[in-house]
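Novice: Under this note's numbering, think of the first position of the sequence shown as 1, with each following residue one higher.
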Amino acid sequence: MAESWKCFEAFFALREEIDSFMKIKNKEVLQLTDFTFLCNLAFLTDVTDHLNALNLKLRDRKQVITQKYDSVKSFKVKRTFWEKQLTAGNLVHCSTLNSLGKVEPECLKEYADIISNLHKQFDVLFKDFKAFEPHFQLFFHTICCGN
């Protein structure tokens, strides 16, 4: 069964066909030809893809809590990197957005701000993880270095 988050990818990939179909039905959807809307949709698709990758790691029952915490910390580091890349106009980690070609600098600034806000939301959502960090380090060192 396909994951529901894949709907963004499927819709984006079929946007031209959907536009043609809607025109045939005399129900034009202006957003499908609005470049700013398409950029926003592409960015949403990319962010959702990255969030889903993290979600799959966090749902993996084979991972212990310290591995899950490492996944969250890693995602936060990547988020900082993506924010800087977007600000610089580098779309290497936003493949759907990159497929549209040139994106307006104002949009890239807005997307970088959204990624920055995501970081703040992560701090709130995962504050319990942060509180247990000293315990995780003790656990890691005990397993890694202990007998």
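Idealized CB from N, CA, C, for every residue including glycine.
Compare the Cα-Cα distances from PHE136 to each of THR45, GLN67, LEU44 and VAL77 and report the closest residue.
Specialist: Of THR45, GLN67, LEU44 and VAL77, the residue nearest in Cα terms is GLN67.
Novice: Could you give the distance in angstroms between the alpha-carbon of MET1 and the alpha-carbon of ARG15?
Specialist: Because MET1 carries a pLDDT of 35, less than 50, the predicted location of this residue cannot be relied on, and the following value inherits that uncertainty. Roughly 22 Å separates the two Cα atoms.
Novice: Give me the Cα-Cα distance between PHE122 and LEU100, rounded to the nearest whole angstrom.
Specialist: Distance from the CA atom of PHE122 to the CA atom of LEU100, rounded to whole angstroms, is 29 Å.
Novice: May I have the straight-line CA-CA distance separating ASP70 from GLU104, to the nearest angstrom?
Specialist: 34 Å
Novice: What is the DSSP secondary structure of PHE126, reduced to helix, strand or coil?
Specialist: Reduced to three states, the DSSP call for PHE126 is coil.
Novice: Put ALA2 into one of helix, strand or coil per three-state DSSP.
Specialist: Any reading at ALA2 must be qualified, since the residue scores a pLDDT of 46, below 50, and its modelled position is unreliable; no value is offered.
Novice: At the level of alpha carbons, what is the spacing between ARG79 and LEU51?
Specialist: 10 Å
Novice: Quick check on the DSSP output: the alpha helix (DSSP H) that includes LEU86 runs from which residue to which?
Specialist: Per DSSP, LEU86 belongs to the alpha helix (DSSP H) from 65-87.
Novice: Closer than 8 Å by C-beta to SER20: which residues in its own chain qualify, once you throw out the five before and the five after it? Chain order, please.
Specialist: none
Novice: Whose CA, out of PHE37, PHE35, THR48 and LEU30, lies closest to the CA of CYS7?
Specialist: Ranked by how close their Cα comes to the Cα of CYS7, the residues PHE37, PHE35, THR48 and LEU30 have THR48 in first place.
Novice: Leaving aside the five residues before and after GLU28 along the sequence, list all residues of the same chain whose C-beta is less than 7 Å from its C-beta, in chain order.
Specialist: Residues of the same chain with a CB within less than 7 Å of the CB of GLU28, apart from the 5 flanking positions on each side, are MET22 in chain order.
Novice: Using the beta-carbon count (16 or more within 10 Å), is THR45 buried or exposed?
Specialist: The Cβ neighbour count for THR45, taken over all protein chains shown within 10 Å, is at least 16; the residue is labelled buried.
Novice: Hey, how far is the Cα of TYR111 from the Cα of ASN26?
Specialist: 33 Å
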